[in-house]
């Protein structure tokens, strides 16, 4: 039994409990106007989360790695070829509810103004990396409320409905003063990338 358990655990790759959906995105860098910029896209009205600022990305398909998914989604959404995407590495990832999102950083080897995105993208825009290095996002608290009328067995927990459930409060980042509303997971990945650069200086 011990040997079997050792083999099972040694050959197992841990993952977040309850994980059902996996996604990968690309934080694209472009060199333009004599400086580095982060490329963002505005999601079109034809897809989920319309009008939101995001990075190219989507669901990881069976049989592909997270990096392969990030490259494929970027190729599809921005109509690029794989040789125009130079992957530099991966940032810290996000686990939210039953979903995990991993973010890769890559350089687009082209003039970004010539990109003709597909129908999922309403428009593209960039923000100089130097600008993002001067900004700090503001974190706003988002509260969720326990519904005492739900069928959750509160009576089985000491404290019942007053139990200090940790998921009642969530902090959501917003960048202030930008032309577009940069917030949520895209803001978190942006901040993580910028802080990584600051920490290395």
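Numbering (the working numbering), first residue to last: 1100 to 1300. Glycine included, every Cβ here is placed at the ideal spot set by N, Cα and C. It should be emphasised that the depicted structure is a prediction, and the values quoted were computed from it without experimental measurement.
- Take residue 1238 as the anchor and find which of 1261, 1258, 1100, 1275 has the nearest alpha-carbon. For the residues 1261, 1258, 1100, 1275, the minimum Cα distance to residue 1238 belongs to 1275.
- Query: Per DSSP, what kind of secondary structure is residue 1296 in: helix, strand or coil?
  - Reply: Residue 1296: helix per DSSP, three-state reduction.
- Query: Where does residue 1302 fall in DSSP's three states?
  - Reply: Since the first residue shown for the chain is 1100 and the last is 1300, residue 1302 is missing from the structure and cannot be characterised.
- 4-residue-minimum alpha helix (DSSP H) runs that sit fully inside the region 1136 to 1192, ordered along the chain: Listed in chain order, the complete alpha helix (DSSP H) runs (minimum 4 residues) inside the region 1136 to 1192 are 1165 to 1177.
- Query: Under the DSSP definition of a beta bridge, which residues are partnered with residue 1206?
  - Reply: Answer is 1128, 1185.
- Query: Looking at the unbroken beta strand (DSSP E) that takes in residue 1222, where does it start and where does it end?
  - Reply: In the DSSP annotation of this structure, the continuous segment of the beta strand (DSSP E) that includes residue 1222 starts and ends at 1220 to 1227.
- Message: Between which residues of its own chain and residue 1199 is the CB-CB distance below 8 Å, once the five residues before and five after are set aside?
- Response: Cβ within range, chain order: 1114, 1115, 1118, 1120, 1121, 1122, 1192, 1193.
- Message: With three or more C-beta pairs closer than 8 Å as the rule, is the region 1138 to 1156 touching the region 1211 to 1226?
- Response: Judged by Cβ distances under 8 Å, the region 1211 to 1226 makes contact with the region 1138 to 1156, as three or more pairs qualify.
- Task: Note down, in chain order, each residue of its chain lying with its Cβ closer than 8 Å to the Cβ of residue 1150, except the 5 sequence neighbours on either side.
- Result: When the five nearest sequence neighbours on each side are left out, the beta carbons in the same chain lying within less than 8 Å of the beta carbon of residue 1150 are those of 1141, 1142, 1144, 1221, in order along the chain.
- Task: Return the Cβ separation of residue 1154 and residue 1126 in integer angstroms, given the expectation that the two are a contact with Cβ distance under 8 Å.
- Result: At roughly 6 Å, the Cβ-Cβ gap stays under 8 Å, so residue 1154 and residue 1126 are in contact.
- Query: So is residue 1094 buried or exposed if we call it buried at 16+ other beta carbons inside 10 Å?
  - Reply: Only positions 1100 to 1300 of the chain appear in this structure, which leaves residue 1094 out of reach.
- Message: Need the endpoints of the beta strand (DSSP E) that residue 1107 sits in, please.
- Response: Note, residue 1107: premise wrong, no beta strand (DSSP E); alpha helix (DSSP H) at 1101 to 1109.
- Report the partner residues of residue 1285 according to the DSSP bridge assignment. Note: residue 1285 sits in no beta bridge, so no partner.
- Nonlocal neighbours in the same chain, by C-beta distance under 8 Å from residue 1166, ignoring five residues either side: Counting only Cβ-Cβ distances below 8 Å, and skipping sequence neighbours, we find 1123, 1186, 1189, 1203.
- Task: Take residue 1229 and list the residues in its own chain whose beta-carbon comes closer than 7 Å to its own, dropping the five residues that flank it on each side.
- Result: If you ignore the 5 residues before and after residue 1229, its C-beta comes within less than 7 Å of the C-beta of 1134, all in its own chain and listed in chain order.
- Message: At the level of alpha carbons, what is the spacing between residue 1258 and residue 1264?
- Response: Approximately 10 Å between the Cα atoms of the pair.
- Item | 7 Å Cβ shell around residue 1297 - same chain, five flanking residues per side excluded | If we look at residue 1297 and ignore the five residues flanking it on each side, its Cβ neighbours are 1232.
- Message: Taking CB distances under 8 Å as the criterion, tell me whether residue 1182 reaches chain B.
- Response: Included in the structure is just one protein chain, with no chain B present.
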